[in-house]
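S.K.:
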Amino acid sequence: MTVQPPAPAKRWLLRTLPRDVRAAIVLDLDEVFQQRVEADGVSAARRWYWRETLSFSWRFLCERLTISPSTLRLSMLDVKLASRMVTKYPGLTFIGGLAIATAIGVTVIGFEITHDLSNPTLPLPNSDRVVSVQMWDGRWGSPESRLMFDLARWREAQSFDSIGGYQTVERTLVADSGEGELVRAAEMSASGFRVAAVAPLLGRTLIDADEDTGASPVAVVGYRLWTSRFNSDPNVVGRTLHLGSVARTIVGVMPEGFGFPVSHSLWIPLTRQDSIERLSGPVLRVFGRLTPSATLVAAQSELAAISARQPWPARVAPTPLTPRVMPYASGIVPLGYIRRAYLLQSVLVLLLVICCSNVAALVFARTATRQNEIIVRTALGAARSRILGQFFVEALALAGIGAAVGLGVANATIQWTMKWIWSSGSPRPFWWDDRIAPVTYLYAGALTLIVALLCGIVPALKGTRAGVHAGLQQGSGRSASLTFGVGWTGIIVLQIALCVALLPAVLAQGWDAIRAQASGVGFATSEYLEVTVDVEPGSEPRRPALYRDLELRVRREPDVRGVAFATAFPGMSHPRLPIEVDGDPMTDRIRPQSFTANVAPGFFSALDVRPIMGRIFVDADALAGRQVAVVNRLFVETVLGGRNAIGRRVRFASNGTPNPWMEIIGVVPDLGMSALRPEEGIGLYSPAVPGERFVEGMAIHLAGDASAFAPRLRAMALEVSPVLQLKNPMPLNVVGRADQIGVRFFAIALAAVAVIGVILSSAAIYSLMSFTVSRRTREIAIRAALGANPRRIVGEIFSRVAMQIGFGALAGVAMVLIARPQSAREVWLPAGLALFMFIIGLCACVVPARRALRIEPSDALKDVG
Amino acid sequence: MPREGLGEFEQVVLLAVIHLKEHVYGVPIVDEIERRTGRAVARAAVYITLRRLEEKGLVSSWMSEPTGEPGGKARRCVEVTPAGRRALKDSRAFLESMWHGADLKLKAER
């Protein structure tokens, strides 16, 4: 058997070497590797391969940066001195390392997410030629997706080897045993497989004839489905697959890892509709494979020319639609996600800058204590550049430790988060790689170098500037005192302002998330099985009848205590809408917002909830379409000011046609409508029939294990009709957690970063203030010796510090006020933080000021002259 | 405009390509240099130099047919272009004009 080179090394080479030579180099290295295996053995050959990998990466990086590899050699002495500094100043190593680890860790996470969303590498042959095509509607600034007509015309484009489209559909897959499972399938043109250019494992892929109207229904199954549903049966081709109400013949199996177009494991043909009108038909995503010589711009121009020739149907006015050809992932991942990722990345880089300025300030304070060392080394002949180099290596050691820890934490965080996201049922794109990409490591390396430059070179430049020779003449570093200039003062003021303005809001969000996690929603959610019920397209008119049938069957089960239908259940995300209260003058100025849910009449009874006042919904409310509402306790307290709610009229605010008024008929307890901030969970319920007005959520109250009921529920749904689809049946407590965990996780993570930011800022302010006053020890002592009033001296010191911190704090509070705080907490939290920093700054002055004032006047005057 | 001269390693690589007659790609080039000079060379340096020479138009490259053995792969083969041959000759002439008479003096100093 042929021994293969180390796969990670090979992957690294394929990702980092220039595109034009990477394949040739890897092939040649493979050849030499085989020779080495025969000559020196496998282990030695692998070691050799790794050495060559590093050598190639390093030399090509230098080539790209147009620098010579030999100019970047470091002295071992610098490295030893740097290691000594790391252990000699453990406090600085800990605080500085923590700051850098936090900053680089979160920045790396941001970069990795942005990279994976906007510019991933597809695991397809010649993947750079696989593109997405959108029809951009200039009127709305969004893509038009009814593209069946245009897709048929685009097939003649010469810039594409193949062009195709798909839509994701959900169908109930019925097993031989009669069990049903909801699966996502790609209803795709046969050309989709030509675009992907991946051969099937068994049988064939879809062919153009499969798209014909009246063609025999077929399906191609993915590797996961083949192994889980068909026990990897090698004779699966030709077997029948029951998908909803249609029996399909399996014609092929795709290999492991193939999930094109996004995360699909089942493909059915998209029926061709030659006579379809423009801007009608199914909602499609279009993709294509460019020819080797085509560019994005040329392909886009060709598609635009084809589309411009097509007629508009009489019912549609000609609209400004423009085809856009873009990298594949850009057409799949919503633009909003990518924009948010870039925004997050910008915020994180800002955090990195703040952390760097803090660490630089701490290093500067340390540099000040090493003035004598610098003077002596200068006297012994060390050039300024040599000393700068040493400081740079010291900072690099500190940044390197921080970066290593940060990368480790970032890697663990990404792995954990992605594992959770995929386990919660989110579709995993076939190109998504949970591991940190090599380019992200390079990014982290570049950040480490920048941090080292900022934190090492900047303080060192200041520390080795003029004054060293004066100090040398006196044989002491005292006269060569370092002081903070306008730049450092500006950084302190800006940092305090940013801390006061930004961190309290982040801290508050984190605190809310922790508190919400600890509190429940008022009843035992683990006893409820929640499931979203849907029907196949075309069966919508039967929806209410099918739901009713399913509900009746479920109610007959011995373990079932109750069944509820609603748009959302307690603990889950609820929509929030502005409301108006009839006759309430307050609503003219401020429109309160309320969480809302459409619920079936049995909703409150199934949750064992009794009204505090009035009554809950009855069947007639929903069936007759009565304009009534039930509100929660917080609604009464907050919106109605505690007044009697029964009989009052409310409606959803609208800028156009006014919505009808609804009469409040009852008040119920608060039922976790806002999972993150329960105190803001103002709620309003309106009645609806199951299956209408988006009432598709079903919760079943069970006497036993809620999750154990899921298979039985599937069987009952299948008995009712194969067109019924059950999506993600899960215990309600799990659904609620899954619904909110992403928001909570990020809120807590950001709050943790904010806490570190506060600690770091406090440490930096303390050390800088303490350092500033220490620099004035002799001046204070002399002034005291000459008879100045100590109170006046102390007052002067404190007033200067108070001015710096106070100015920053005021700027921060002003920023908060400009942003129009919504609650008192949003004002007192920043004010509290400003006061905290003020106290920290004053405390930092106390010790050095007292020490200076205790110096004997005779000792202070001895040194003068 | 004066033509840019060849570096020492560039000359070494070009000469190795000339010495090898056919199916010239990275692996035999490295072997040839090491065999003739008796020194180990950084493999990456050879590929970077080849890439640079191709950018200067002194060598050209193409993908060969897959080799005959099972699983045989196509190779990125190179050959020296006429411009590359001229550059080599110029470099040699340039150096020889400087060496002219110097070797006698070096001998005399021994």
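Quick note, the sequences are listed as chains A and B, same order.
Under this note's numbering, the first residue of the first sequence carries the number 1, and numbering increases by one thereafter.
Under this note's numbering, the first residue of the second sequence carries the number 1001, and numbering increases by one thereafter.
All C-beta atoms in this analysis are idealised placements derived from N, C-alpha and C, irrespective of residue type, glycine included.
Every value quoted in this text rests on a predicted model; they were computed, and no experiment measured them.
#1: Closer than 7 Å, CB to CB, is VAL1027 of chain B near chain A or not?
#2: Would you say the segment 362-371 of chain A touches the segment 117-127 of chain A, given that touching needs at least three Cβ pairs under 8 Å?
#3: If I measure Cβ to Cβ from ARG377 of chain A and keep anything under 7 Å in the same chain, skipping five residues before and after, which residues do I get?
#4: Drop a sphere of 10 angstroms on the beta-carbon of LEU732 of chain A, count the other beta-carbons inside from all chains shown, and report buried for 16 or more, exposed for fewer.
#5: Since LYS1073 of chain B meets chain A, which of its residues come closer than 7 Å, beta carbon to beta carbon?
#6: Given that ILE969 of chain B touches chain A, what residues does it touch there, using C-beta distances under 7 Å?
#7: Figure out for me which residue from A:PHE617, A:VAL253, A:SER307, A:MET85 has the closest Cα to the Cα of MET148 of chain A.
#8: Taking the C-alpha atoms as reference points, what is the distance between SER162 of chain A and VAL131 of chain A?
#9: Tell me whether LYS10 of chain A sits in a helix, a strand or coil according to DSSP, three-state version.
#10: Out of A:SER275, A:SER674, A:LEU266, A:ALA365, which has the shortest C-alpha to C-alpha gap to LEU92 of chain A?
#11: So what does DSSP say about LEU1053 of chain B, is it helix, strand or coil?
#12: If you run the structure through DSSP and keep just helix, strand and coil, what is ALA564 of chain A?
#13: Quick check on PRO1002 of chain B: buried or exposed, where buried means 16 or more other Cβ atoms within 10 Å of its Cβ?
#14: Could you list the residues in the segment 31-50 of chain A with a C-beta less than 8 Å from some C-beta on chain B, going in chain order?
#15: Using a Cβ-Cβ cut-off of 7 Å (strictly less than) and excluding sequence neighbours within five positions of ASP20 of chain A, which residues of its own chain qualify?
#16: Have a look at the DSSP bridge pairing and note the partners of THR882 of chain A.
#17: Kindly give me the distance between the Cβ atoms of TRP12 of chain A and PRO438 of chain A, rounded to whole angstroms, as I take these residues to be in contact under 8 Å.
#18: Quick check on this structure: which residue in A:ALA397, A:LEU362, A:ALA566, A:VAL846 has the alpha carbon closest to the alpha carbon of ALA764 of chain A?
#19: Grab the span of the alpha helix (DSSP H) containing TRP422 of chain A for me, first residue to last.
#20: Which class does ASP559 of chain A belong to by DSSP, given the choice of helix, strand or coil?
#21: Entirely within the segment 111-192 of chain A and at least 3 residues each: give me those beta strand (DSSP E) ranges in chain order.
#22: Please classify GLN310 of chain A: is it buried, with 16 or more other beta-carbons within 10 angstroms of its beta-carbon, or exposed?
#23: List the endpoints of the continuous alpha helix (DSSP H) containing PHE443 of chain A.
#24: Bridge partners of VAL535 of chain A, per DSSP?
#25: Mind pulling the chain A residues with CB within less than 7 Å of ARG1076 of chain B?
#26: Could you tell me which residues DSSP pairs with ARG285 of chain A in its beta bridges?
#27: Just to confirm the assignment, what range does the alpha helix (DSSP H) spanning GLY1038 of chain B have?
#28: Between which two residues does the beta strand (DSSP E) holding ASN598 of chain A run?
#29: Whole-angstrom Cβ separation of ILE756 of chain A and THR102 of chain A, contact assumed at under 8 Å?
#30: Please identify the residue among A:ARG15, A:LYS10, A:ILE25, A:GLN35 whose C-alpha is closest to the C-alpha of THR2 of chain A.
#31: Near PHE258 of chain A, what residues of its chain come up, given a Cβ to Cβ distance below 8 Å and the 5 sequence neighbours on each side ignored?
#32: Among A:PHE565, A:PHE391, A:LEU303, which residue has its Cα nearest to the Cα of LEU552 of chain A?
#33: The beta strand (DSSP E) with ASN632 of chain A in it runs from where to where?
#34: Using CA coordinates, which residue listed in B:ALA1042, B:VAL1080, B:ALA1045, B:GLY1038 is at the minimum distance from GLY999 of chain B?
#35: Return yes when the Cβ of PRO544 of chain A is within less than 7 Å of the Cβ of GLY691 of chain A, no when it is not.
#36: If you drop the 5 nearest sequence neighbours on each side, which residues of the same chain put their C-beta closer than 7 Å to that of VAL864 of chain A?
M.R.: Well, looking at it:
#1: The sequence position of residue 1027 of chain B within the second sequence is 27, counting from 1. Yes, its Cβ sits closer than 7 Å to a Cβ of chain A.
#2: With a cut-off of 8 Å, the segment 117-127 of chain A and the segment 362-371 of chain A do not count as touching, because too few Cβ pairs lie within range.
#3: Within the first sequence, numbered from 1, the residue matching residue 377 of chain A stands at position 377. So the qualifying residues of the chain are ILE387.
#4: Here residue 732 of chain A refers to the residue found at position 732 of the first sequence. LEU732 of chain A should be labelled buried.
#5: As a working note, residue 1073 of chain B is residue 73 in the second sequence. Under the 7 Å cutoff, chain A gives LEU27.
#6: Only positions 1001 to 1110 of chain B appear in the structure, and residue 969 of chain B is not among them; the question remains open.
#7: Numbered from its first residue, the first sequence carries residue 148 of chain A at position 148. For MET148 of chain A, the nearest C-alpha among the options comes from A:SER307.
#8: Counted from its first residue, the first sequence places residue 162 of chain A at position 162. Counted from its first residue, the first sequence places residue 131 of chain A at position 131. Each residue's Cα considered, the two are about 11 Å apart.
#9: As a working mapping, residue 10 of chain A is identified with position 10 in the first sequence. Helix.
#10: Position 92 of the first sequence, counted from the start, is the residue given in the question as residue 92 of chain A. Answer by Cα proximity: A:ALA365.
#11: As a working mapping, residue 1053 of chain B is identified with position 53 in the second sequence. LEU1053 of chain B sits in a helix when the DSSP states are folded into three classes.
#12: Translated into positions along the first sequence, residue 564 of chain A becomes position 564. In the structure shown, ALA564 of chain A sits in a strand (DSSP, three-state: E or B).
#13: Locating residue 1002 of chain B in the second sequence gives position 2, counting from the first residue. Any reading at PRO1002 of chain B is ruled out, since the residue's pLDDT is 40, under 50, leaving its predicted position unreliable.
#14: Closer than 8 Å at the C-beta level to chain B, one finds these residues of the segment 31-50 of chain A: GLU31, VAL32.
#15: Locating residue 20 of chain A in the first sequence gives position 20, where the first residue counts as 1. Counting only Cβ-Cβ distances below 7 Å, and skipping sequence neighbours, we find nothing.
#16: With chain A covering 1 to 865 only, the question about residue 882 of chain A has no answer from this structure.
#17: As a first step, residue 12 of chain A is located in the first sequence; it is residue number 12 there, counting from the start. As a first step, residue 438 of chain A is located in the first sequence; it is residue number 438 there, counting from the start. Between PRO438 of chain A and TRP12 of chain A the Cβ distance is about 6 Å, and since that is below 8 Å, they are a contact.
#18: Position 764 of the first sequence holds residue 764 of chain A. Comparing Cα-Cα distances from ALA764 of chain A to each of A:ALA397, A:LEU362, A:ALA566, A:VAL846, the minimum goes to A:LEU362.
#19: Here the question's residue 422 of chain A lines up with position 422 in the first sequence. Its alpha helix (DSSP H) spans residues 384-423.
#20: The residue you call residue 559 of chain A lines up with position 559 of the first sequence. Coil at ASP559 of chain A, not helix or strand.
#21: With a minimum length of 3 residues, the continuous beta strand (DSSP E) runs that stay inside the segment 111-192 of chain A are 130-137, 142-144, 160-174, 180-188.
#22: Position 310 of the first sequence holds residue 310 of chain A. It counts as exposed.
#23: As a first step, residue 443 of chain A must be located in the first sequence, where it is residue number 443. In the sequence on display, residue 443 of chain A carries Tyr and not Phe. 438-452 is the span of the alpha helix (DSSP H), which, as asked, contains TYR443 of chain A.
#24: Looking up residue 535 of chain A in the first sequence gives position 535. Under DSSP, VAL535 of chain A forms a beta bridge with A:LEU724.
#25: Within the second sequence, residue 1076 of chain B is the residue found at index 76, counting from 1. Ordered by position in chain A, the residues that pass the 7 Å Cβ test against ARG1076 of chain B are ALA24.
#26: In the first sequence, counting from the first residue as 1, residue 285 of chain A sits at position 285. According to DSSP, ARG285 of chain A bridges with A:TYR166.
#27: Here residue 1038 of chain B corresponds to residue number 38 of the second sequence, with the count starting at 1. Counting along the chain, GLY1038 of chain B falls outside any alpha helix (DSSP H), and DSSP gives it neither H nor E.
#28: Taking the first residue of the first sequence as 1, we reach residue 598 of chain A at position 598. Start and end: 593-599.
#29: Along the first sequence, read from residue 1 onward, the residue named residue 756 of chain A stands at position 756. Along the first sequence, read from residue 1 onward, the residue named residue 102 of chain A stands at position 102. Sure, about 5 Å apart at Cβ, within 8 Å.
#30: In the first sequence, the residue the question calls residue 2 of chain A occupies position 2. The shortest C-alpha separation from THR2 of chain A is found at A:GLN35.
#31: Taking the first sequence and counting its residues from 1, the one referred to as residue 258 of chain A is at position 258. Contacts found: ALA196, VAL198, GLY222, TYR223, PHE430.
#32: Within the first sequence, residue 552 of chain A is the residue found at index 552, counting from 1. The option with the nearest alpha carbon to LEU552 of chain A is A:PHE565.
#33: Reading the first sequence from its first residue, position 632 is the one you call residue 632 of chain A. 628-632 is the span of the beta strand (DSSP E), which, as asked, contains ASN632 of chain A.
#34: For chain B, the structure presents residues 1001 to 1110; residue 999 of chain B sits outside this window and is missing.
#35: By 1-based counting over the first sequence, the position of residue 691 of chain A is 691. By 1-based counting over the first sequence, the position of residue 544 of chain A is 544. Against a cut-off of 7 Å, the Cβ pair of PRO544 of chain A and GLY691 of chain A comes out as a contact.
#36: As a working mapping, residue 864 of chain A is identified with position 864 in the first sequence. Below a pLDDT of 50, predicted positions are generally treated as unreliable, and VAL864 of chain A, at 49, falls in that range; the measurement from the model is reported next regardless. ILE782, listed in sequence order.
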